[in-house]
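Let me begin by presenting the structure, written as structure tokens, before commenting on it.
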Amino acid sequence: MQEPETIVEESTAELMDEAGGVLLPARYNAGVPRQKLVYGYDCQGRRVSKTVSNYVAGAWQLAGDYRFLYDGWNLMAIWDGTTGAVVATFLWGLDLSGTIQGAGGVGGLLAMTVHSGTNAGTYFYAYDGNGNVVGLVNAATGQWAAQYEYGPFGEPIRATGPVAFLNPFRFSTKYCDDETGHYYYGYRYYSPTQGRWLSRDPIGER
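So for the sequence shown, our numbering puts the first residue at 863; every next one is plus one.
See the structure below:
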């Protein structure tokens, strides 16, 4: 297990890597709750944990503890690290390459099952031609449960429906961290609002 990566969000913040080095400054709206994100990775560099804490009354309070299970690089399940309860599971098929993971899973996610709460159930994914998730359909009712629109760099224009934010996979079939708006691509993160990657491609370090 690699050392965890910590991100602290506030009106003016910095994104920190696991060694404590500053990656780039990040600015957030003044007055929003201060928040801390801690990511954990396995030996392959896959993100296997995420904790979210809010700064309240002079102390950090845990708001969410999530663990991730993969098949290769495809996320199969999310569960609550505190209770052990399964939050959501995912079913994958062929991606845009015509294989299971040849295109990084883009366009290959078939269904999500939410395991508890008022929106518990199974939902099927709908895509545009580039493998961006444009909606989810409730498997039981056939009705839209979420719909999305994106700008040219993947920035969100519209997200509607009861599971729009329960579903983490959106632009390019990648996991979106709603706390930051960044997309997790496996080896690095992408900011659609900036239209750029937050770090260099690690293949360039080889």
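Glycine is no exception: its CB is placed at the ideal position from the N, C-alpha and C atoms.
| Query | Result |
| --- | --- |
| For residue 1001 and residue 987, believed in contact at Cβ under 8 Å, the rounded distance | The pair is not a contact, with the Cβ atoms about 11 Å apart (cut-off 8 Å). |
| DSSP-derived helix/strand/coil call for residue 901 | strand |
| Inter-stretch contact at 8 Å, needing at least 3 Cβ pairs: the segment 932-952 / the segment 908-918 | yes |
| Local Cβ density within 10 Å of residue 1064, reported as buried at 16 or more and exposed below that | exposed |
| Reference residue 989, options 1054, 917, 1005 and 969, closest by Cα | 969 |
| When 930, 904 and 900 are compared against residue 916, the one with the closest alpha-carbon | 900 |
| Alpha-carbon spacing of residue 1032 relative to residue 1012, whole angstroms | 9 Å |
| Residue 997: first and last residue of the uninterrupted beta strand (DSSP E) it sits in | 995-1000 |
| Completely contained alpha helix (DSSP H) runs for the segment 919-968, where each covers 4 or more residues | none |
| Inter-residue CB distance, residue 946 and residue 1015 (contact presumed, cutoff 8 Å) | Not quite, the Cβ-Cβ distance comes to about 38 Å (not below 8 Å), so this is no contact. |
| Residue 903 versus residue 982 - alpha carbon distance | 28 Å |
| Residue span of the beta strand (DSSP E) that contains residue 971, given as start and end | 971-976 |
| Nearest residue (CA-CA) to residue 920, options 929, 897, 926 and 933 | 897 |
| Cβ pair residue 1044, residue 1051 closer than 7 Å | yes |
| 4-residue-minimum alpha helix (DSSP H) runs that sit fully inside the segment 991-1059, ordered along the chain | none |
| Beta-bridge pairing of residue 909 - partner residues as DSSP gives them | 903 |
| Buried or exposed by the 16-neighbour rule on C-beta atoms within 10 Å, applied to residue 952 | buried |
| Residue 1066 (DSSP reduced to helix, strand or coil) | helix |
| Residue(s) in a DSSP beta bridge with residue 915 | 898 and 924 |
| Per-residue burial, residue 967 [other beta carbons within 10 Å of its own, 16 or more giving buried] | buried |
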